[in-house]
Amino acid sequence: MSATGAGGLGPGTEAGETKSSRTAAVTSGSEQGLLSGTVLGRDGAPVVGATVGVAPRIGAWDVRRDALAATVRTGPDGRFQTGPLTPGQYGVAVALADGTLSFGESVQVRAGEPVLAVELRVGETPVTVRGTVVDEAGQPLKGAALRVVRPIVPFDDVADLPPLPDGRFQVSVPEGEYNVVASAPGFTPRMMRTSPPEPTEVRLERTPTEDERRAAVAWAREAAIPLQTVEAGHGFEDLRRLTPVLKDARVVALGEATHGTREFFQLKHRMFEFLVSELGFTVFAIEANFSESRALNDFVLTGKGDPSEGLKGLNVFPWQTEEVLELVRWMRRYNEDPAHRRKLKFYGVDMQSPIQAAANVDAYLRQVDATYAKQVGEPLTLMTGKDVWRLEKERLAAVGETLKEVARRFDSRRGEYTRRSSREAWALARQDLTVLSQCVAKMLDLHDYDFRDRSMAENLRWVLEFEGPGAKAVFWAHNGHVARGPGEWTANPAGRWLARSFGKGLYVFGFAFNQGSFQAMRMPTADAPAPRGVDEFTVPPAPEDSLDAALASTGLPLLALDLRAVPASGPVREWWRRALRTRDPGALYSHEGYPLSTSRNLELYDGLLFVERTTRARPLPWIIQVPKREQTAAPAQ
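Here the sequence shown is numbered in our numbering, starting from 430 and rising by one per residue.
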């Protein structure tokens, strides 16, 4: 995952920026490849002894790699010079002796051209990021290295701090969201999101030993369930070995290490077919908007409509593929069989757009409460407009208050509304209203990264309540959303909220792969800033110290593994309980390479599904793709 977030697209390139923190001006020329400039304080006076860090602009930071291309201190006149720098785009960060960090605008270095000098003025830094880097026993790690990252699409701001003498850190930074990356010799580096003003404790674990890795691979080879195929329609003889661990589950969550892998989507289809046919599951819930998904539910129940158009209407490009379309069509074929008395349902549980939800609420009120619908029609119509994403916060807050009033009216007049429609129609419209309110709340606080996951979990719980006590659901989303515990980017993913409700009645599968291709939205780069579209990426075998490489070492090209069966102690447990590197990108990927995430698998997942070699999911015709001539394979990691 990148520092810009988990499985979604960022709200814009200006998130968290302030004018004072990003001021840079050209002052004079310099020799080829050399960067020079001046650092000025808030009062305009030169700053002596400030540390200037120059970092290449890349899409995301690998926690194991050095961030900076150069570091230099300012002299008596506040001036600095460093280089020569290789051609490319660079970010510049300034660290003052008092712990103040400030970020300048990017600098472009071109072959054969001088780099113009810059003036960096320290702006206001009202946010304090503080905490401690500790070991597994909770003791501060003396001399730990720390990197401060401000995630901004498409390129993060990044600054390295000097080694921490006592493991503690405190810096003042401009407004925005921040992550810290800590490392120390003999320990696995770790990235964590900060929550100012609360202190952040970054707990590092020792690097697993080779003996522990060999023991873990040997155990996995013995305990794994070899799978015959990823394709549905081939029976369940191999999958039936999962029945003992899934038979009591109310929710089975299926993650994915990318949002664009054909074999992941096919295997999830096959798992859903198994769970429906063998264990009585009837609900399919996906990381897509609740209100927009209703058209697909109508199709699988009645056959009305075009499923391709239904997927297009979701406005979520990862699901607009041949593989997901085939799953939807299989659900319809299943429902057409009169022997299947309990029908399958298709639900979205996300809440990232207000447009269809607002339209549904407005239409329902016009049916059951026409006079009141006119009173609240203006704010509801406002939320369906093409400029809804540009609304000022004051206007959104007013809409939010109106929605609270509408919710009170829905609840107080439930009997009346139900008589004028039906119990089902009232319940669906009331949930549309809930989703609309969730979306407005999220728009008011784009930095509350946990809110979306909590909302998805609440919406899935609503679906199961609506479908009745015997309903069982498959939840399809990214690994980062289905996880039972905190990850690098979300402290409280949807799986963690679901675990609080369902306990062991929730079974979470993480997905992993070793090598191959997938599709993702291409992040802009210095060399290829446009066009932006869906691209195909190919990656080589995973690094030897990763989870993915360990699973590949079993020699099984396709497997399922029940992590609840990991021994309670010993070297196998020691390896599996630790944070391990793994490929885990979401909807965005970078041509310039992409870091591996770290994952504490025993805390996040109940089981793993692994594919040795993958291919790209097959996009439906309307997906905007990067032209073939501009596609490149991702470099080795």
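Backbone N, C-alpha and C fix where the C-beta goes; we use that ideal spot for every residue, glycine too.
Terminal residues of the alpha helix (DSSP H) in which residue i lies
i       : result
Gln867  : Arg852 to Leu873
Glu894  : Tyr878 to Glu896
Ala787  : Ile784 to Val797
Ser737  : Pro736 to Gly742
Asn764  : Glu751 to Glu765
Asn668  : The amino acid occupying residue 668 in the given sequence is Leu; Asn does not appear at that position. Careful: Leu668 lies outside any alpha helix (DSSP H) and carries neither H nor E.
Asn1030 : Asn1030 to Leu1033
Trp748  : Taken as a continuous stretch (DSSP letters only), Trp748 belongs to no alpha helix (DSSP H), as it is neither H nor E.
Trp926  : Ala923 to Phe931
Ser841  : Lys822 to Ser841
Ala979  : Leu976 to Ala981
Arg1045 : Careful: Arg1045 lies outside any alpha helix (DSSP H) and carries neither H nor E.
Arg1002 : Pro1000 to Trp1005
For residue i, the first and last residue of its enclosing beta strand (DSSP E)
i      : result
Met950 : Leu935 to Arg951
Ser706 : Segment Arg691 to Leu708 is the alpha helix (DSSP H) holding Ser706; no beta strand (DSSP E) there.
Trp905 : Ala902 to Trp905
Thr480 : Thr480 to Pro485
Phe719 : Per DSSP, Phe719 belongs to no beta strand (DSSP E) and is neither H nor E.
Glu548 : Val547 to Arg550
Gly517 : Gly517 to Ala524
For residue j and residue i, the rounded distance between their alpha carbons
i       : j       : result
His1102 : Glu606  : The chain is shown only over 430 to 1066; residue 1102 falls outside these bounds and no answer can be derived.
Pro1064 : Ser866  : Annotation note: pLDDT 49 at Pro1064 (below 50); position unreliable, coordinate value reported separately. Roughly 43 Å between the two C-alpha positions.
Leu545  : Leu463  : 8 Å
Ala588  : Ser737  : 46 Å
Leu988  : Leu1038 : 6 Å
Val835  : Ala981  : 54 Å
Ala902  : Phe938  : 14 Å
Pro1050 : Phe746  : 11 Å
Ser930  : Phe719  : 20 Å
Asp791  : Gly732  : 26 Å
Ala827  : Val563  : 45 Å
Arg1007 : Ser1028 : 8 Å
Gly962  : Val1055 : 5 Å
Ala920  : Ala912  : 10 Å
Ala941  : Pro808  : 44 Å
Asn908  : Asn943  : 16 Å
Pro614  : Arg1010 : 17 Å
Arg502  : Gly478  : 5 Å
Leu696  : Leu756  : 11 Å
Ser601  : Pro626  : 11 Å
Glu823  : Lys871  : 14 Å
Arg451  : Asp586  : Unreliable placement is indicated for Arg451, whose pLDDT of 36 sits below 50; no coordinate value is reported for it.
Ala611  : Gly466  : 29 Å
Close Cβ partners of residue i (< 7 Å) along its chain, the five nearest in sequence each way excluded
i      : result
Phe598 : Arg559, Gly560, Leu575 and Leu590
Ala540 : Pro516
Leu773 : Val705, Thr711, Phe713, Val729, Met760, Tyr763 and Asn764
With 16 other Cβ atoms within 10 Å as the buried cut-off, status of residue i
i       : result
Gln537  : exposed
Pro783  : buried
Pro555  : exposed
Ile1053 : exposed
Gln948  : buried
Asp1035 : buried
Arg848  : exposed
Ala524  : buried
Gly572  : exposed
Ser722  : buried
Glu821  : exposed
Leu526  : Residue identity differs from the one stated: residue 526 is Ala in this sequence, not Leu. Classification for Ala526: exposed.
Ser1019 : buried
His688  : buried
Bridge partner(s) assigned by DSSP for residue i
i      : result
Glu965 : Gln948
Met620 : Val610
Arg579 : Asp586
Ser465 : Gln510
Ile654 : Ala989
Tyr776 : Ala714
Contact set for residue i: own chain, Cβ-Cβ below 8 Å, skip 5 residues either direction
i       : result
Val609  : Val558, Gly560, Leu575, Arg576, Val577, Val578, Phe598, Met620, Met621, Thr623, Thr629 and Val631
Tyr801  : Leu794 and Arg838
Gln749  : Leu740, Lys741, Leu743, Pro1048, Leu1049, Trp1051 and Ile1052
Trp1005 : Ala645, Leu992, Val995, Asn1030 and Leu1031
Met950  : Leu438, Phe746, Arg961, Gly962, Val963, Asp964, Ala1016, Leu1017 and Tyr1018
Ala499  : Leu464, Gly482, Val483, Thr511, Gly512 and Leu514
Neighbour flag for residue i against chain D, beta carbons, 8 Å
i      : result
Arg502 : In the structure shown, chain D cannot be found, because there is only a single protein chain.
Chain-order list of residues whose beta-carbon lies under 6 Å from that of residue i (same chain, five-residue window excluded)
i       : result
Asn789  : Ser720 and Asp861
Ser884  : Met780 and Gln867
Glu1152 : What is shown of the chain runs 430 to 1066, which leaves residue 1152 out entirely.
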